[in-house]
Every structure is written in C-alpha cells, then in structure tokens.
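Protein chains in written order, with this note's numbering: chain Y, 1 to 744; chain Z, 1001 to 1116.
Reviewing the structure listed below.
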C-alpha cells in the first residue's frame, strides 16, 4: 500500500517536468510571449513572466533535462532511503530555476535566485550523514548566497536607475541612465552575483565541491541549470551593460582565467566526476567570455554552447553515474575495459565526448566554430585563449572515453556489474548525448527560428542574423577547429607527464577551498574576539560603550552642522548666581563620598531648576517640578537607607576615570555647542503663534500650556498618566513579591 | 541668557553621564537624576527664554500678549518631568531589589544572566 502511494508520488513528480515542457512549448509564440498576474500591486511587484528565445531555451533545457534526470533518478536512487524527498527537492529546484529564467521582474527573479541557492544546498547536502557533504553544501550556499546579496544590491540600484523593476522596461530604458554615478556600482554588484553563481575564478571551487551530491543532482545542477543561472543573468542584462568597457574586459578576463585554470585543474583530477565538474567550470568560462564579446556571432555561439553543453554534460554525468554504480569507483586508475559490459554507456560517452571536444558534426562543433568566428573579429589574445581552452577540452574528452572504457583488464581493475539491465539508467544519457547530434543535423533551422532569432532580438535588438549552418566553407574558424582537435590529441599522448606536472604545480599553489577555509576561520575568530571584547558581561562597560557611541554621534552632529554660534553674556547677576550654584552642586555630587550630602545636593539642583522655570515665565512647570522634586527626595531618602554605602564599591582606577571624564566631557561640550547653534538661529514662530491664536477660541482656555496638555496633546497626556501608573504597579509588585519571599 | 544656560546644561549633562558610567548603583541613580534635570532644562532653553510674560491669555483678550513665552516647550517639559519621575521611581525600586538580592551595589558583579 505504502509502495503504491510512493509510486504514485514519484510518478507525478516525473510527469510534472513533462507537463511544464509541453506548457512552455505551447504557450510560447516566437518571438515573445508575456504573462502577468498581480502579486503585491502596492509595491509594483507582479508575477510577470516573459517567454522569449533566451528564456525558452533555458526553460526547455530545465524541463527537458529535468524530465530525463527524474527518470534516471528513479533507477539510480532505487532502494535508497528518503527517495521521495530526493525527487521532491529536485522538483522544487526545477520550479525555482524555471521561475528564475521566466521572471520579468527583477525582484521576482531575485526571489527565485535565492530559492535555487536554498534548494541546491539541500540537494548537495543530500548525503547529510557525511561531514564532507555538509561542509561542501554549506560552502556552496555561503558563496552563492554572498553573491546573491551583492546581486540584490546591484538589482536594486538598477531598478532605481531605471525607475522600474520590470526587466523588459529596464532593458527598454537602458540608454537613458547609463551616465548615472550608480550605473558602474550596480554593474559591479551584478557581476559579483553572477560570477559567484556561475563559479568563475576565484569563486570557482564551490562547484567541484558540490560533487558531494548524488550523481543525478550533479547532472542536473551542473549542466542545464544552477550554474547557468549566472550566465542567464549576464545574457539577459547584456543590452543594459554590454556597451561599457568594464563589461567587456571583466567578463573576458574572468572567463578566460576560469577556462584555462579550471581546464588544467580538470586534467589534474583522477576522479572522473571531479574531472567533469572542473570541465563545467571551463565551459562556464567560455560562455562568460562569449557574452563579454557580445557580438551577434558571439551570442549565437553562446546560445549554441548552452544547448550543446546541457546535452553532453548531463549525459556524461549520467554515464559516470552508471560507471560508479557498476564498479563502485570513479577513479580512472581502477577502471579499464568497461566497453564489453557497458556497451550502451560507451556509445553515449563517445557521442557526448565528441560534442565536448567539438568533433563535427555535433552541436559542440557548431558552437566552437561560431566561437572562433566571434573571437577572430575581436582580438588575437582572445582567440588564443579560446583555442587553448578548447584544446584542454579535447584532451579531457579523450581521457574520459579512453581511460575507463578501453584498455586491457589487469589486477587493479574493479569488478563490473551489468547494471545496464535497468532501462531507465541508460536511456536518458543516450537520448541526451544523441540530441547533441540530432539537433544540428536535422533541426538546425527550427532551432534558429525558435531560439536564436528571438533571443537575438531580445539581447541585441536585431531580428535577422545570418543563418546558422554546419558547413560554411573552409575558413579561419575551420582551420582553428582542426588545429584544436589535433593539438588536443597530441596533448593526450603526453597525458602522464602532464598530469604529474600538474599535481606538483597545484600542490605548490594555494587552492580555493583552503583559502576559503582560512577566510571563514578568520571571520569566526574575529566574531569571537569582538564578542569577548564588546560583550564582556560588565554593566559599567556596557554603559561606557553606549555613551561612547552617543558621543561619536554628537561629535558628528556638531561637525556636520558646523555653523559658529553667536555668544552673548548679557544676563543678570542672579542668573549667573543660579547657574554657578547649579554647576557647583553637580561638582559636589561628583566628589562627595557621602550619600546624604549627595541627596541633599541633588535636591538643591532640583529646586534651583524650579527657580529657573519661575524666572523664565513657566509657572506651571515650576509648580510641577517643585512637587516632583520634593517627592523624589523623600523617596530616594527612604530607599537609600536600604542601599549599600558609597564606599562598598572600589573607586574606579585613574585610567578609567580619565576615560569617563573624556566621554562625559565630550557629550557635555557637544550638547552646549549644539544648543548654542540652535539658539543662534531665529525661532520658527508658527507653532507658538498657532497656540496663541487658537487656545481661547477653540479650547476655551486662557492658560495656553494647560490647553496644549489637555486639549491639543490630550492623548500624549493620557499616555503619560498610564506610564506613571504602570511604573507604580510594577514598583509595587517588585517590592511585594520580594517581601513575600523574605517571609517564606 | 541662552549662552549661560547652554553652558550650564552641558556641564550638568557631562556630570550626570560621568556618574552613570560608574560601578556603584547609587551613583548611577544620582547620574540619572542629574541627566533628567539637564535634559528638561535643555529643551526649555532651546525653546528660547522669556522673562515675565507667561503664556496666559489676559481677561478679555483673545490671544497672548505680544512677546509671550513659548508655551510648547513648557508643555513638553511638564510631560517629561512626570515621566522622569516614574522612571526614577521604578529605577530606585529595581535598585533596591537588586542590591538586596545580590548583596552588593557593584554593577559589575550583577552577572546572573551571563553565561559563566
């Protein structure tokens, strides 16, 4: 019974990507289909979706590859615990990714962006019993999450610049705001976010780390989806940023470095899955480079490469999964002569590797041709970097096929189980890799009409680029292609010494995970240091910190206001006398070791304040102050009898007293200066005039202060009464419960 | 006049804050009282000082006589004085309870809520 229910649940989750794929296919009418539902209308956030060439390419890959990955997982995860949650997470991830590429509102896009981070964290950490899985999942989340924060900042800046959060409007208005000061900062933030997500150097290392996930996840996350989110965003924003010089060289540089360095790192690996993971970095580098160039040919090449990569990389990952299932290892040193047992996987691997290497007439070949064409028009260094990267890919493709599948068996070779009896295990990879062959041979025209032309229209604004052709005569690109293939094969001949050299080289250089661990460690150390220093648990230290902050704010306030005050010392003798008396009283409280003297002096300060209110025409305030002050002195005298003497606590040290003095002195000085500045400006008379005019006619009161209290600001006064009552109730309860406790 | 009282307010505020940073609970309360007075005085002075013309409307008149004292800060301070009194009362009761229970008035030894 439970089994039936599980099957139904799994079946429906496999069906969902198929339904979505069909939905995308039937909803989309080239070149553009827009859908919108209100979501938070008051904030101008609507569920707006946009289907054009670019998003449909991604949506098709996400749902199509998603369907095959779900099918593959059915076989791959058979008998594993928590299968249901695995498929569920895959489905959630697919939906977030679909939302990301279809969203036409940048805030909506960001929400889906973060959802992909979250769901991919759960997928990478699926084997959560292993410490390494948890660590790598967290690493991926921290890096892409931090990138996400940068992206949010960038998108908000962009939205404010364009005065809209709607992606299509932002793109439409693009020429209008490119001279703003905030334009370049927004570009930098967006780039950080996209580079982190698409694993560009120096943030490339989380992607191979994410290989801790089960193989179907790797096939999905690292071919069609997650890592392409950054590329998608860059492609989407190409019309906004593409013209700037910063865009061109930062994308070119990041892409080229990522491609070359990760290509070398890939050749250094002995685990086939890790090798594939690093080669994903390489392809992402290529894509970023192409978007950096941003010409028509470059964009065509990028679109072709996105599709080609999704087909062959997902397929190859699945093949490695099959190898892993059959032999229990992915180390190529232990794998030999798999061809007789895993014949279908071998076919899939050969077709996939051919596309990866760019062997004609695969999709990979096509994209490489266009890449060289695009490179040839820009810069000789760009072309050289492209050729070098592609040579590395050719060598990698050869390693991937030759090492495990061919050769003779020997003693080190692992046992091979015939796992190809499960149809669902080999059908998806075979189908995927063969698509890389079928599409360029049979459906190139449709691909161009449905994907490339509309995407071109959306990204570059022109609708009719030249037709994409497999054979375009003998030209520079074709010669470079041939050169690449030959060099790759030659490099493969020298694979063993190269590998040894790379092991030594990478051992000598700092590697990403180590640097990341050191930075994380430093952050934690900093956090515990500042906790120890700031949160030491001593109350007097906390008050000191509080007043230091207050002093800093006041100093800034004085500095920012900056006006010199007018001074006037035209006061009467008795005013000076009261002022000096008050200062003297304050000094006595500071210095006195006796509680009684202090209380008496405090009472004096209170009564002197009463006098001041009296002199300056505030009779009501004066009366209130008199009553309250009397009560205060009585209360404090009563309570003081119960409190310890002043000499029971050690006097502060000299240094501490100096610190206190300077902080308190700064605050006092700043207050004086601020008040002098305030009183130097003329007073705004509108409020006093208002109260003067309306007190009698409206409120029928001749005492204006009273009228304000009980009429104009009656609710404030009510609140004040409530505060006093609450304080009294609280005070009573504190004493009462305490007394009861004593009696017990 | 305002210059004189600005200086007095500054000095009082400084003295009060100095006391509030001390370790003795009672000195902290003294500081609180001085600060409370100084702040009221500060608001009063910022609203300008006027001698001998309280904001009272004369019999028969419809509005205040020319040169009247600003009534708004007075109303604000009236509220502030009463609230300050409530605050002081509550602080003193808390201080009483805390010092009796902890057996000391040394604020730095009040660490019951800290993790040891």
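Ideal Cβ positions, reconstructed from N, Cα and C, are used throughout, including at glycine.
Identified DSSP bridge partners for residue i
i                      : result
residue 36 (chain Y)   : Y:48
residue 271 (chain Y)  : Y:331
residue 1056 (chain Z) : Y:703
residue 1106 (chain Z) : Z:1024
residue 103 (chain Y)  : Y:49
residue 166 (chain Y)  : Y:105
Whole-Å CB distance - residue i paired with residue j, under 8 Å assumed
i                      : j                      : result
residue 620 (chain Y)  : residue 1074 (chain Z) : 7 Å
residue 1105 (chain Z) : residue 1026 (chain Z) : 6 Å
residue 477 (chain Y)  : residue 369 (chain Y)  : 5 Å
residue 316 (chain Y)  : residue 349 (chain Y)  : 7 Å
residue 372 (chain Y)  : residue 251 (chain Y)  : Not really, about 18 Å apart at Cβ, beyond 8 Å.
residue 367 (chain Y)  : residue 314 (chain Y)  : Not quite, the Cβ-Cβ distance comes to about 16 Å (not below 8 Å), so this is no contact.
residue 16 (chain Y)   : residue 55 (chain Y)   : In fact, because the Cβ distance is near 19 Å, the residues do not count as touching under 8 Å.
residue 117 (chain Y)  : residue 145 (chain Y)  : 6 Å
residue 379 (chain Y)  : residue 331 (chain Y)  : Actually they do not touch by this definition, with Cβ atoms about 40 Å apart.
residue 72 (chain Y)   : residue 428 (chain Y)  : 4 Å
residue 266 (chain Y)  : residue 396 (chain Y)  : 6 Å
residue 374 (chain Y)  : residue 293 (chain Y)  : 5 Å
residue 1118 (chain Z) : residue 596 (chain Y)  : Nothing about residue 1118 (chain Z) can be reported from this structure: the residues present for chain Z run from 1001 to 1116 only.
residue 70 (chain Y)   : residue 13 (chain Y)   : 6 Å
residue 679 (chain Y)  : residue 1006 (chain Z) : 7 Å
residue 468 (chain Y)  : residue 452 (chain Y)  : 6 Å
* Can you list, in chain order, the stretches of the beta strand (DSSP E) that have 3 or more residues and sit fully within the region 633-675 of chain Y? -> none
* To do: Report yes or no: do three or more beta-carbon pairs, one from the region 33-47 of chain Y and one from the region 94-114 of chain Y, lie closer than 8 Å?
  => yes
* To do: Inspect the CB distances between the region 573-589 of chain Y and the region 696-715 of chain Y and report whether three or more fall short of 8 Å.
  => no
* Three-pair Cβ contact test at 8 Å for the region 184-204 of chain Y versus the region 132-139 of chain Y -> no
* Asked: Taking Cβ-Cβ distances below 8 Å as the criterion, which residues of the region 616-627 of chain Y are in contact with chain Z?
  -> 616, 617, 618, 619, 620, 621, 624, 625
* Asked: Is the region 206-218 of chain Y touching the region 168-181 of chain Y, taking contact as three or more C-beta pairs under 8 Å?
  -> no
* **chain Z contacts from the region 666-699 of chain Y (Cβ-Cβ distance under 7 Å)** => 667, 668, 669, 671, 672, 675, 676, 678, 679, 683, 687, 688, 691, 692, 693, 695, 696, 697
* **the region 1096-1103 of chain Z contacting the region 632-651 of chain Y, beta-carbon criterion three pairs below 8 Å** => yes
* Could you list the residues in the region 1050-1065 of chain Z with a C-beta less than 7 Å from some C-beta on chain Y, going in chain order? => 1050, 1051, 1052, 1053, 1054, 1055, 1056, 1057, 1062, 1063, 1064
* To do: Anything in the region 634-668 of chain Y with a Cβ closer than 8 Å to a Cβ of chain Z? List those residues in chain order, please.
  => 635, 636, 639, 640, 642, 643, 644, 646, 648, 649, 650, 652, 660, 661, 663, 664, 665, 667, 668
* 4 or more residues per run - each alpha helix (DSSP H) lying fully within the region 337-410 of chain Y -> 343-357, 363-376, 380-405
* Would you say the region 54-73 of chain Y touches the region 91-105 of chain Y, given that touching needs at least three Cβ pairs under 8 Å? -> yes
* Asked: What residues from the region 568-582 of chain Y come within 9 Å of chain Z, judged by C-beta to C-beta, listed N to C?
  -> 568, 569, 570, 571, 572, 575, 576, 578, 579, 580, 582
* Listed in chain order, which residues of the region 519-539 of chain Y have Cβ atoms closer than 8 Å to some Cβ of chain Z? -> 537, 538, 539
* Scan the region 1090-1109 of chain Z for residues whose Cβ lies nearer than 8 Å to a Cβ of chain Y and list them as they occur along the chain. => 1090, 1092, 1093, 1094, 1095, 1096, 1097, 1099, 1100, 1101, 1104, 1105, 1106, 1107, 1108
* Asked: Which residues, in order along the region 542-565 of chain Y, keep a beta-carbon less than 7 Å from a beta-carbon of chain Z?
  -> 543, 544, 547
* Touching or not, the region 295-310 of chain Y and the region 380-391 of chain Y, by the rule of three or more beta carbon pairs under 8 Å? -> no
* Answer yes if the region 233-247 of chain Y comes into contact with the region 171-186 of chain Y, meaning at least three C-beta pairs across the two stretches below 8 Å, and no otherwise. => yes
* Are there three or more Cβ pairs, one per stretch, closer than 8 Å when the region 260-271 of chain Y is compared with the region 222-230 of chain Y? -> no
* Could you say if the region 283-290 of chain Y and the region 318-336 of chain Y meet the contact criterion of at least three C-beta pairs nearer than 8 Å? => no
* What runs of the beta strand (DSSP E), each 3 residues or longer, lie entirely inside the region 707-742 of chain Y? -> none
* Would you check if there are 3 or more beta carbon pairs closer than 8 Å linking the region 1067-1086 of chain Z to the region 501-514 of chain Y? => no
* Quick one: complete alpha helix (DSSP H) runs, 4+ long, within the region 120-206 of chain Y? -> 131-162, 167-172, 183-197
* **Interfacial residues, the region 1069-1082 of chain Z to chain Y, with Cβ spacing under 8 Å** => 1069, 1070, 1071, 1072, 1074, 1075, 1077, 1078, 1079, 1081, 1082
* Asked: Taking any Cβ of chain Y, which residues in the region 1014-1035 of chain Z have a Cβ under 9 Å from it, in chain order?
  -> 1014, 1015, 1016, 1017, 1018, 1019, 1020, 1021, 1022, 1023, 1024, 1025, 1026, 1027, 1028, 1029, 1030, 1031, 1033, 1034
* **Touching by the beta-carbon criterion (3+ pairs, under 8 Å), the region 330-349 of chain Y and the region 440-458 of chain Y** => no
* Asked: Taking the runs of the alpha helix (DSSP H) that are 4 residues or longer, which of them lie wholly in the region 439-468 of chain Y?
  -> 444-447, 453-460
* If contact means a Cβ-Cβ distance below 7 Å, which residues of the region 592-605 of chain Y contact chain Z? -> 595, 598, 602, 605
* Asked: Between the region 548-561 of chain Y and the region 655-674 of chain Y, do three or more beta carbon pairs fall short of 8 Å?
  -> yes
* Asked: Can you find at least 3 beta carbon pairs, one from the region 569-586 of chain Y and one from the region 598-615 of chain Y, that sit closer than 8 Å?
  -> yes
* **Stretch pair the region 1050-1061 of chain Z + the region 659-669 of chain Y: three plus CB contacts closer than 8 Å** => no
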